[in-house]
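Residue numbers (our numbering): 6 to 338.
What follows is a set of notes on a single structure, which appears directly below.
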Amino acid sequence: MQRGKRSASYETSPNIALVKYWGVRDPARALPYNSSLSVTLDRLRTRTRVEFSAELDRDTLTLNGRPAAPAATAAVSALLDRVRNAARTTDRARVVSRNNFPTASGLASSASGFAALAGAATAAAGLRFSPQRLSQLARFGSGSACRSIFGGFVEWRAGRRPDGRDCYARPLYPARHWPQLVDVVALVAGAPEKSVRSAVAMQATITTSPEYARRLRELPRRLAGIRRAIGRRDAEALFPLVMEECDSFRLVCETTRPSLDYLTAASREVLAAVRALNAEAGRPVAAYTHDAGAHVHVFTLEREARRVRERLRAIAGVERTLLLHAGAGGRRV
Ligand code: PMV
């Protein structure tokens with residue numbers, strides 16, 4: 006890498022998993038137990054600028070205009086070390102990152118954050134990584150980040166090889182594949198900040214939840230069904246599978262010792278409202294899903310979106326709703 010200052014910026018969006026990544030089989034290579042599938046969202050963006058400089062004596066991270074906590078800066082430094090190794094440099098970096106949505110609240114800021122960091126840091130270091138290689142780098146920051154490099158509907162294949170060469174994310178369908186599919190996000194009041202990082206929480210699930218092995222056995226069938234339903238734009242096939250998957254994720258969390266409970270009473274009311282909407286319609290018109298956070302994503306079709314949104318807004322404790330669609334992946338800015 007050239008001496009002096011080199012900088013680049015990269016922007017991308019969070020993704021919401023329809024099939025959840027939860028459990029690492031090889032921490033050194035960041036290899037997951039199961040394949041996962043997500044939708045990269047529009048409107049929510051993370052923009053990150055990385056500047057390498059020989060004059061800095063340590064990495065710094067500014068997050069939404071404020072100096073970040075030491076743990077967050079250390080996680081960023083660890084990913085930067087991989088970039089420095091590849092670029093054969095020891096220069097430290099100044100990282101400035103901004104989200105246009107709340108951080109660490111179940112809107113997957115770590116996914117877009119580490120994807121944007123990987124994109125900006127490699128470009129600033131003069132490395133020309135393919136999207137696939139960028140995605141393989143991003144997952145060392147946060148597993149789900151490997152999916153946020155790509156737009157639309159994305160699958161992260163767990164692979165089987167011990168060396169991890171067959172473990173990578175790939176775009177399945179672009180965002181324009183299914184423009185009628187909408188994600189009504191119910192932002193709940195008082196969503197707590199995460200007390201345990203997902204990467205730590207999921208390993209506790211593996212060792213303590215009696216439900217985890219069954220989840221892994223069920224997943225290939227569920228993943229295939231979800232992939233097929235998206236391919237056919239078949240909402241009535243997709244929605245029950247998305248809820249089944251979310252329920253399975255929640256069950257392994259709740260049966261972890263100590264138990265992992267990410268929801269608030271309002272989140273649970275959102276789940277109940279979606280079940281009620283489907284029962285009233287006599288067919289699946291919506292599907293809920295949530296990650297390791299309290300906000301709930303409700304998928305429905307454009308023509309039902311108004312009704313779904315009004316129903317969710319009527320719940321005390323739902324502060325706001327956002328109407329999102331599948332969106333673009335990462336790009337240099
Ligand atoms: O990428 P991490 O380490 O923040 O873990 C993400 C875990 C879930 O969001 C719950 C599931 C997923 O696949 O995004």
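Beta carbons: idealized from backbone N, C-alpha and C, even for Gly.
Note that the coordinates shown come from a computational prediction; the quantities given were computed from them, not determined experimentally.
Could you tell me which of the options sits nearest to residue i, measuring between CA atoms?
i, options, result
"A59", "Y26, A22 and R97", "R97"
"F155", "A143, R103 and L228", "A143"
"T213", "P263, Q185 and A321", "P263"
"E324", "P179, H300 and G335", "H300"
"V275", "R170, Y15 and A194", "A194"
"A180", "L329, A13 and K10", "L329"
"G335", "K10, R34, R52 and L36", "R52"
"L256", "D47, R152 and L221", "L221"
"A292", "A270, G236, I231 and T78", "I231"
"E223", "F254, A240 and L46", "F254"
"A196", "T269, E315 and A121", "T269"
"N20", "A284, A92, P176 and A310", "P176"
"A310", "V290, A319 and A92", "V290"
"A229", "A79, E160 and A33", "E160"
"S153", "T17, R314 and A319", "T17"
"Y178", "R71, R312 and R238", "R238"
"K10", "A79, R99, P215 and A76", "R99"
"P225", "R162, P215, W183 and E315", "R162"
"E285", "A125, R312, P32 and S82", "R312"
"G70", "N104, V303 and S82", "N104"
Is residue i near residue j, with beta carbons less than 8 Å apart?
i, j, result
"G157", "A22", "no"
"S102", "S147", "no"
"V24", "R227", "yes"
"A278", "L246", "no"
"A209", "T294", "no"
"A92", "L132", "yes"
"E241", "R280", "no"
"A73", "T67", "yes"
"R87", "T95", "no"
Looking only at its chain, what residues have a beta carbon closer than 6 Å to the beta carbon of residue i, apart from the 5 residues adjacent to it on each side?
i, result
"E307", "Q185 and V187"
"L243", "A234"
"F106", "L49 and L112"
"E250", "V24 and R227"
"T78", "L66"
"C151", "S140, A143, R144, W161 and A174"
"H302", "I21, D188, V190 and T294"
Suppose the cutoff is 7 Å on Cβ atoms and the five residues either side in sequence are ignored; what does the same chain contact list for residue i look like?
i, result
"I211", "G28 and Y217"
"A109", "Any answer about A109 is weak, because its pLDDT of 49 lies below 50 and its placement is not dependable; what the coordinates show is given next. Closer than 7 Å at Cβ, skipping near neighbours: E198 and K199."
"S12", "R54, V55, E56 and A129"
"R30", "L36, P37 and Y38"
"N283", "P289, V290 and A291"
"P215", "T260"
"S320", "It is Ile, not Ser, that sits at residue 320 in the sequence shown. A271, E274, V275 and A278, listed in sequence order."
"S305", "The sequence shown places Thr at residue 305, rather than the Ser named in the question. Excluding positions up to five away in sequence, the list reads V187, V189, V290, A291 and V313."
Since residue i and residue j are thought to touch, with beta carbons under 8 Å apart, how far apart are those beta carbons, to the nearest angstrom?
i, j, result
"A123", "F57", "Not really, about 14 Å apart at Cβ, beyond 8 Å."
"V338", "S140", "With 8 Å as the limit, V338 and S140 do not qualify as a contact, their Cβ atoms being about 18 Å apart."
"L36", "C172", "5 Å"
"T326", "V201", "Not really, about 28 Å apart at Cβ, beyond 8 Å."
"S149", "Y26", "6 Å"
"G164", "R34", "Not confirmed; about 10 Å, so no contact."
"F134", "T127", "5 Å"
Spatial neighbours of residue i within its chain, please: C-beta separation below 8 Å, excluding the five flanking residues on both sides.
i, result
"A297", "G111, K199, S203, A206, C258, L265 and Y267"
"G322", "V193, A194, G195, T269, A270, A271 and E274"
"D47", "S18, A180, L329, H330, A331, G332 and A333"
(request) Could you tell me whether the stretch 37 to 44 touches the stretch 63 to 71, using the rule of 3 or more Cβ pairs below 8 Å? (result) no
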